Structures are given as C-alpha cells and as structure tokens.
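Visitor:
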Amino acid sequence: NRKDILLACPMNMHPQADPNKTPQEIWEDFSLSFTPAVREVVEFAKHIPGFSSLSQNDQITLLKAGTFEVLMVRFASLFNVKEKTVTFISGTTYSLEALKSMGMGTLLGTMFDFSEKLSALELSAEELGLFTAVVLVSTDRSGIENVKSVEMLQDSLIKALRTLVSKSAPGDVSRFTKLLLKLPDLRTLNNMHSEKLLSFRID
Amino acid sequence: FSDPASNLGLEDIIRKALMGTVEERPE
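These protein sequence lines map, in sequence, to chains X and W.
Here the numbering used here is used: the first sequence runs in plain steps of one and ends on residue 199.
Here the numbering used here is used: the second sequence runs in plain steps of one and ends on residue 30.
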C-alpha cells in the first residue's frame, strides 16, 4: 500500500510518499536531489589536492565507499538536536516523535547523536571542508589498488587538519582528537545506512 | 555488504561526474 512507503532520507521532499505516485515517480523525485548531491561530492573530491592524481579506479572506489559518509557530514545540520527535528529537502520540518511514530528508529537516533557531537565542535567552514576531505580518503579501502598513495594522501590531509584545528583553538588539545573520533562514528552510520540500502531496489 | 550503493546507481552518477559527462537533464 503506497501510503505506507516511508522515505527516511531527508533528501526526499517528505518522509511519507505521495500515494498517487508510482515507485518509479517516487524514485525520480528523490534522484532530483540525490544525483546533484552526489555530483557535488565528486566536484568537492576533484578539489582535494592530490585526489585527482590517484588512479581512476581508486577515485571511483573511494567515492563509492565514502559518498554517504560525506553526505552525512554535509547534511548533519538537517538533524536539529536542540529542536529534536529533521528538515527534509522540501524545507518541511518533522519532529523526532512524528518520525518515530512513522517507523524510523536506530539510524535516525544515531544520526542525531552524530549531528550533536559534530556541531558541538563548532567547526569553521574551512575546518569542516578539510575534515570532509579526511572523511572521504579515510573510507573503506576494499577494492583500492594503490593503498599506499591513498594512505599518503590521508596522512597529508590529517596533518593539514591538525595544523588548522590547533591554530584556531591552541589551548584545546582534545578538539582535534574529538574530530578524528567522528571517523569511526561515520563508519558505523554508513554501515547502518548500507543495511537499509540493501532492502531498497530500483529496477 | 556486497554493494548496497549500487542499488541507487551511485557508481554511474560518480563515473559521469568524474569524467565530466554530465547528462544535460533539466535541473
């Protein structure tokens, strides 16, 4: 019954599907925001110094594995912890209770936790950009041909991030550590999200 | 997870964006 289709991802217009729309139309509506968002991640990656000198296979492999982690950082602010709301791409805001009553659960709660911890670090735009680059190159390495070059790129980005973070908050040594601890959080989120994706098929 | 992202055609979008061959679809 189409009325019961739950669209948990806030890149949909609304969490409940329009009952008059076919699954294909629902998917096309979603891809109107999903596809540009993925393209944006690719454009972002092209601007990471050193990323374009990786092999094409390794660029694609990193992007496939890391796109959702980057999007979770990029859209973390849609999950408003103070208000306990999620803003969908239409601009409409839904309370945590309402979304839970629709059937959303652990992934939603984990995303809220992540959003809360990330915003607590009060990153500047520059810090957030460099952190996002670290997220992408720190993603799962399955299928990577030249692990050494990816590790070298990761190393240089982490060094740059440490320099930037310590410059803006010299006294707060723990800030950089807390930031790096977001990486395993993102991996957990990504694994939970992947589980949901497995149950989703587009034909 | 074998390749959950393939359910969304992620690799295709990435390849096209990387190669710069963006379909001219009305945004």
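For glycine and all other residues, C-beta sits at the position ideal for the given N, C-alpha and C.
Predicted model only: the values in this text are computed from it and were never measured.
According to DSSP, is N8 (chain X) part of a helix, a strand, or is it coil?
Guide: coil
Visitor: If you follow the alpha helix (DSSP H) that V131 (chain X) is part of, which residue opens it and which one closes it?
Guide: 121 to 133
Visitor: Does F30 (chain X) have its Cβ less than 9 angstroms from a Cβ in chain W?
Guide: yes
Visitor: Please identify, using Cβ separations under 9 angstroms, the residues of the stretch 59 to 72 of chain X that lie next to chain W, in order along the chain.
Guide: L59, K60, A61, T63, F64
Visitor: Return the residue from the list X:T88, X:V82, X:G87 that minimises the CA-CA distance to D109 (chain X).
Guide: Residue X:V82 is the option with its Cα nearest to D109 (chain X).
Visitor: Identify which residue in X:P19, X:Q55, X:M7 has its Cα closest to the Cα of E141 (chain X).
Guide: X:Q55
Visitor: I'd like to check one pair, E122 (chain X) with L175 (chain X): are the Cβ atoms closer than 9 angstroms?
Guide: no
Visitor: Does E30 (chain W) pass the burial test, meaning 16 or more other C-beta atoms within 10 Å, or should it be called exposed?
Guide: At E30 (chain W) the pLDDT is 44, less than 50, meaning the model places this residue with poor confidence; the figure from the coordinates comes in the next sentence. Exposed, by the Cβ-count rule.
Visitor: Could you compute how far the alpha carbon of V169 (chain X) sits from the alpha carbon of T159 (chain X)?
Guide: About 11 angstroms.
Visitor: To the nearest angstrom, how far is the alpha carbon of A4 (chain X) from that of K96 (chain X)?
Guide: For A4 (chain X) and K96 (chain X), the distance between alpha carbons rounds to 10 angstroms.
Visitor: So if I threshold CB-CB distances at 9 angstroms, which residues from the stretch 128 to 143 of chain X count as touching chain W?
Guide: Cβ contacts with chain W come from no residue of the stretch 128 to 143 of chain X.
Visitor: Spatial neighbours of N50 (chain X) within its chain, please: C-beta separation below 8 angstroms, excluding the five flanking residues on both sides.
Guide: Residue identity check: residue 50 (chain X) is Leu in the sequence provided, not Asn. Excluding residues within five positions, the ones whose Cβ falls inside 8 angstroms are L58, N142, S145, V146, L149.
Visitor: Below 6 angstroms CB to CB, which residues in the same chain sit around S134 (chain X) once its five sequence neighbours on both sides are set aside?
Guide: Excluding positions up to five away in sequence, the list reads Q150, L179.
Visitor: What are the start and end residues of the beta strand (DSSP E) that includes T83 (chain X)?
Guide: 81 to 83
Visitor: In the DSSP assignment, what residue or residues form a beta bridge with S91 (chain X)?
Guide: For S91 (chain X), which the question treats as bridged, DSSP gives the partners X:T81.
Visitor: Where does F75 (chain X) sit, in a helix, a strand or coil, going by DSSP?
Guide: strand
Visitor: In whole angstroms, give me the CA-to-CA distance for P15 (chain X) and F71 (chain X).
Guide: Whole-angstrom Cα-Cα distance: 27 angstroms.
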